[in-house]
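Visitor: Residues in the sequence shown are numbered from 1036 upward in steps of one, following our numbering.
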Amino acid sequence: MDLGIKGKTALVLGASQGLGEAIAEKLAAEGANLVLVARSQDKLEANAARLSASHGITARALSVDLSDAEAVAAFAAAVRDEIKPDMLVANAGGPPPSVSTGIDQAVWQRSAQMLLFSIIQVTEAAVEAMKVKGWGRVLAIGSSGVIQPIPNLAVSNTIRGAVAGFCKTLAAEVAGDGITVNMILPGKIDTDRVGQLDTARAGREGKTLEQVRTEIATSLPIKRYGKPSEFASVAAFLLSEPAGYVTGQMTRVDGGMIRSI
1036 MDLGIKGKTA LVLGASQGLG EAIAEKLAAE GANLVLVARS QDKLEANAAR
1086 LSASHGITAR ALSVDLSDAE AVAAFAAAVR DEIKPDMLVA NAGGPPPSVS
1136 TGIDQAVWQR SAQMLLFSII QVTEAAVEAM KVKGWGRVLA IGSSGVIQPI
1186 PNLAVSNTIR GAVAGFCKTL AAEVAGDGIT VNMILPGKID TDRVGQLDTA
1236 RAGREGKTLE QVRTEIATSL PIKRYGKPSE FASVAAFLLS EPAGYVTGQM
1286 TRVDGGMIRS I
């Protein structure tokens, strides 16, 4: 299937590793040009060079700390006035594991800035540019915790739920401008982030990491962890021309983990 995004520009946040890197790879394979954003300039530049060389696209690396409000404000201005993306992958790293109470206010504030306020600000800037073109795709990377809260991830469950509300509201407001806004929810995709959470669980439960991963895989209907490339393939479709009638949706890529309808 031709995704119809060759030559278009995708702004991918959190593109130095994990799901963001996998999505950037998939978009580059479809001929999209990239602006890769994360905190690690070295990793971004390596990814940009690799993707440019392997897919013949242009890729630019920008180091931005989404937890820094001033840095995000300057970045959002560049998104609106210079980058003017056709596609936005709104992705940010997850907060530390925690229960619901006794969390330091600094953790709440930093996480809210990174996962919610920065995402809103960058999305608003991107949408302004998309309106001028009459075409755009916004895809926020969420979590299965939006549907079914994940134990010991209270901060993530709370703030990503707010992002879901923002995306659903925005989708209705910009659909008439040719812009779709969707959210994609990963389950147990085999990334470094999931590995860190599994390691923390092993420590809490006094088990080996291998025991924890085996238990988790066995509990999933599909009996295995997902591959980042599988997740990225679904993301690429939601960012594509053929997905133009899909908006305001939360799409699960979780191997059947969430059992509710």
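Glycine included, each C-beta is placed from N, C-alpha and C at the ideal position.
Just grab the DSSP bridge partners of M1285 for me.
Guide: DSSP output for M1285 lists M1218 as bridge partner(s).
Visitor: Helix, strand or coil: how does DSSP classify T1253 here?
Guide: Helix at T1253.
Visitor: What do you reckon, are the CB atoms on L1150 and I1182 nearer than 8 Å?
Guide: No, the Cβ-Cβ distance between L1150 and I1182 is not below 8 Å.
Visitor: In whole angstroms, give me the CA-to-CA distance for A1206 and E1163.
Guide: Each residue's Cα considered, the two are about 14 Å apart.
Visitor: Helix, strand or coil for M1149? Go by DSSP, reduced to three states.
Guide: Correct three-state label for M1149: helix.
Visitor: Give me the Cα-Cα distance between D1289 and L1255, rounded to the nearest whole angstrom.
Guide: When rounded, the distance between both Cα atoms is 9 Å.
Visitor: Return the Cβ separation of L1244 and D1233 in integer angstroms, given the expectation that the two are a contact with Cβ distance under 8 Å.
Guide: About 6 Å; that satisfies the 8 Å criterion.
Visitor: CA-CA distance, A1073 and W1143?
Guide: Roughly 20 Å between the two C-alpha positions.
Visitor: Just how far apart, CA to CA, sit I1214 and R1172?
Guide: Each residue's alpha carbon lies about 6 Å from the other.
Visitor: What is the C-beta distance between A1147 and I1194, in whole angstroms, given that I count them as a contact (C-beta under 8 Å)?
Guide: With a Cβ gap of about 6 Å, A1147 and I1194 count as contacting.
Visitor: What are the start and end residues of the beta strand (DSSP E) that includes N1187?
Guide: No beta strand (DSSP E) contains N1187, which DSSP labels as neither H nor E.
Visitor: Compute the beta-carbon to beta-carbon distance between V1216 and G1128, rounded to the nearest angstrom, for a pair I have assumed lies under 8 Å.
Guide: Their Cβ separation, rounded to whole angstroms, is 21 Å, which puts V1216 and G1128 out of contact at 8 Å.
Visitor: Relative to the alpha-carbon of P1131, which residue among S1087, L1101, N1187 has its alpha-carbon at the smallest distance?
Guide: The shortest C-alpha separation from P1131 is found at N1187.
Visitor: Pick helix, strand or coil for I1224, following the three-state DSSP scheme.
Guide: Strand at I1224.
Visitor: Might you give, ordered along the chain, the residues of its own chain that have their beta carbon closer than 6 Å to the beta carbon of G1222, omitting 5 neighbours on each side?
Guide: Excluding positions up to five away in sequence, the list reads S1179, D1289, G1290, M1292.
Visitor: Judging by CA-CA distance, which residue of M1122, Q1246, I1155 is the nearest neighbour of A1104?
Guide: When only C-alpha atoms are compared, the closest one is I1155.
Visitor: Would S1264 and L1038 qualify as a contact pair, given that the criterion is a beta-carbon distance under 8 Å?
Guide: Not in contact: S1264 and L1038 (Cβ atoms no closer than 8 Å).
Visitor: Would you kindly check if the distance between the Cβ of I1176 and the Cβ of A1125 is under 8 Å?
Guide: Going by C-beta atoms, A1125 is nearer than 8 Å to I1176.
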